[in-house]
Amino acid sequence: MKLNYGMVGGGPGSFIGAAHRRSINLDGEAKLVAGTFSRSHEKTLATGRELGLKADRLYKDYREMAVAEGQREDGIDFVVVVTPNVSHYEICKAFLQQGIHVSCDKPLAVSTAQAEELVRLAREKDLLFLVTYTYRGHVTAKHAAEIIARGDIGRVRTVMAEYPQGWLAHEGEDGGKQGAWRSDPLQSGDANCLGDLGTHVENFVAGMTGLKIKRVLAKMDVVVPGRVLDDNDFVMVEYEGGATGMYWTSQIAIGHDNSLRVRIYGDGGSIQWFQEEPEKITVIKKDGALTEHHRGYPTIAPEAASYARLPSGHPEGWFEAMANLYGSFIKCLKAKKQGSFREEMIDFPTVEEGAEGLRFVEACLRSARGGNVWVEMK
Ligand SMILES: NC(=O)c1ccc[n+]([C@@H]2O[C@H](COP(=O)([O-])OP(=O)(O)OC[C@H]3O[C@@H](n4cnc5c(N)ncnc54)[C@H](O)[C@@H]3O)[C@@H](O)[C@H]2O)c1
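Numbering (this note's numbering) for the sequence shown: 339 to 716.
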């Protein structure tokens, strides 16, 4: 049984929409049948034609699409929301209200209040909601989470995590359309870099360690002249239970592309994971023994290994990570249709995790605005 899905965003010249379509296509478990790919209807029609969609399922706006698809006998099973951050809330809400499951890219919304409303709606309507924190889908990231949970590095004491990029090092250069909306408060919300990259870091560390942030101390800097939103951030973190962490996110770090790098230190060892080399993790035990765990080998924990598509040495990467999130999401949706769904089947970042990302961003904003003081996560 193939599911049908629709997309909002992902029009001509955009980035992530096409990447979602390609990732979903990897397993062929769902088919794109409807869309509002742009605010311009002409562009939606052009993209729809290119993708071979029927004209009656190409909509003028997301509201029309949500209502029409909600009423059709053969309406979409889920919608993929891949527009700039400021519109996520209204778009997701429109589809949830029509009883349609949602996949939305991160950050989930631009405020905690919006995010919590989406959590409430999804629960009330009993709908599944994937937030596509892509890196969580890597087999090695899943493996790291499994071996930390089973105690391989002991109790986690401290975390160093960074996500530096260099593409917005200079105002007006290189950022193009994507850079323009990210640094515009009207389209991005109150945070740029921390919303864009900090939410990835927060979610990735939470997914890998299971740690919950208790309080933060943030320094959110605007480095490039003429910008109003942050482009370089440091966050000190204290987790419940006393472990500590340090996060750095940047868009002005020349020489870095998508350098999400995480080091987790426990009382029995440590783990290092680097997203630009996602086929391995490094584990160092207390006695100094250093091992690399490579995807495709029997060292990889069974649950994580079940997501691999290729034998070792044929590299898997970003598309596969995204496809793994959709793999679990679509499996759960199919089970829901068949009446066999159980909560324990969920192996993807949820709307609750999306809301935690917004709580993190808002706590950092309160901390930075208050003069870099410790602030409790609420
Ligand atoms: N998971 C990841 O690693 C990752 C990576 C990049 C971007 N993102 C997220 O994906 C989202 C989109 O980012 P992008 O870089 O693709 O942006 P983009 O500017 O390249 O594309 C946005 C698209 O949305 C369309 N759009 C805007 N408003 C619309 C509306 N109301 N109705 C229909 N279409 C509309 C635009 O025409 C465009 O086609 C952002 O929230 C971003 O944070 C996530």
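Glycine is no exception: its CB is placed at the ideal position from the N, C-alpha and C atoms.
Bear in mind that the values here come from a model prediction, so they are computed numbers and not experimental data.
- Within the same chain, Cβ atoms closer than 6 Å to the Cβ of K557 are found at F572, N710, the five residues on either side in sequence being excluded.
- Counting along the chain, the unbroken alpha helix (DSSP H) around A482 starts and ends at 477–487.
- Collapsing the DSSP output to three states places F698 in a helix.
- A residue is called buried when at least 16 other Cβ atoms come within 10 angstroms of its Cβ; K675 does not meet this threshold and is exposed.
- A distance criterion of 7 Å places the beta-carbon of S588 beyond contact range of ligand 1, judged by its closest non-hydrogen atom.
- In this model, I429 and T472 are separated by some 20 Å (Cα to Cα).
- Within 10 angstroms of the beta-carbon of D625 lie fewer than 16 other beta-carbons, which makes it exposed.
- Annotated three-state conformation of A627 is coil, per DSSP.
- Taking 8 Å as the cut-off, the Cβ atoms of F657 and S352 do not count as close.
- In the three-state DSSP reduction, M546 falls in the helix class (H, G or I).
- Burial state of Y427 is buried, judged by a 10 Å Cβ sphere holding 16 or more other Cβ atoms.
- The continuous stretches of beta strand (DSSP E) do not include T382, which lies in the alpha helix (DSSP H) extending over residues 379–388.
- Here the C-alpha atom of R633 lies approximately 27 Å from the C-alpha atom of G583.
- Setting aside the 5 residues that flank it on each side, G408 is surrounded in the same chain by Q436, G437, I438, each with a C-beta closer than 7 Å to its C-beta; the list follows chain order.
- Cβ-Cβ distances below 7 Å link Q516 to F353 in the same chain, with the five nearest sequence neighbours on each side left out; the list follows chain order.
- V457 and M683 have their C-alpha atoms spaced approximately 19 Å apart.
- Scanning E484, V418, L370 for the CA closest to the CA of D412 turns up L370.
- Distance from the C-beta of Q516 to the nearest heavy atom of ligand 1 is below 7 Å.
- In this structure, F375 keeps its C-beta atom at 8 Å or more from the C-beta atom of G390.
- About 23 Å separates the CB atoms of C531 and Q610; that is not less than 8 Å, and the two are not in contact.
- H631 is classed as buried because its beta carbon has at least 16 other beta carbons within 10 Å across all chains shown.
- When the five nearest sequence neighbours on each side are left out, the beta carbons in the same chain lying within less than 7 Å of the beta carbon of R401 are those of A432, in order along the chain.
- The criterion of a C-beta distance shorter than 8 Å is not satisfied by L628 and A453.
- For V418, the enclosing beta strand (DSSP E) stretches over residues 416–420.
- Its Cα nearest to that of V469, the residue V418 stands out among V418, G510, A483, A451.
- Residue K672 holds the alpha-carbon nearest to the alpha-carbon of D415 among H476, K672, E690, S378.
- F686 and W712 have their C-alpha atoms spaced approximately 31 Å apart.
- For S376, the distance from the CB to the nearest heavy atom of ligand 1 is below 7 Å.
- With respect to G492, G579 sits apart: the two C-beta atoms are not nearer than 8 Å.
- Around the C-beta of G373, 16 or more other C-beta atoms lie within 10 Å, and the residue is accordingly described as buried.
- Exposed is the label assigned to V566, since fewer than 16 other Cβ atoms lie within 10 Å of its Cβ.
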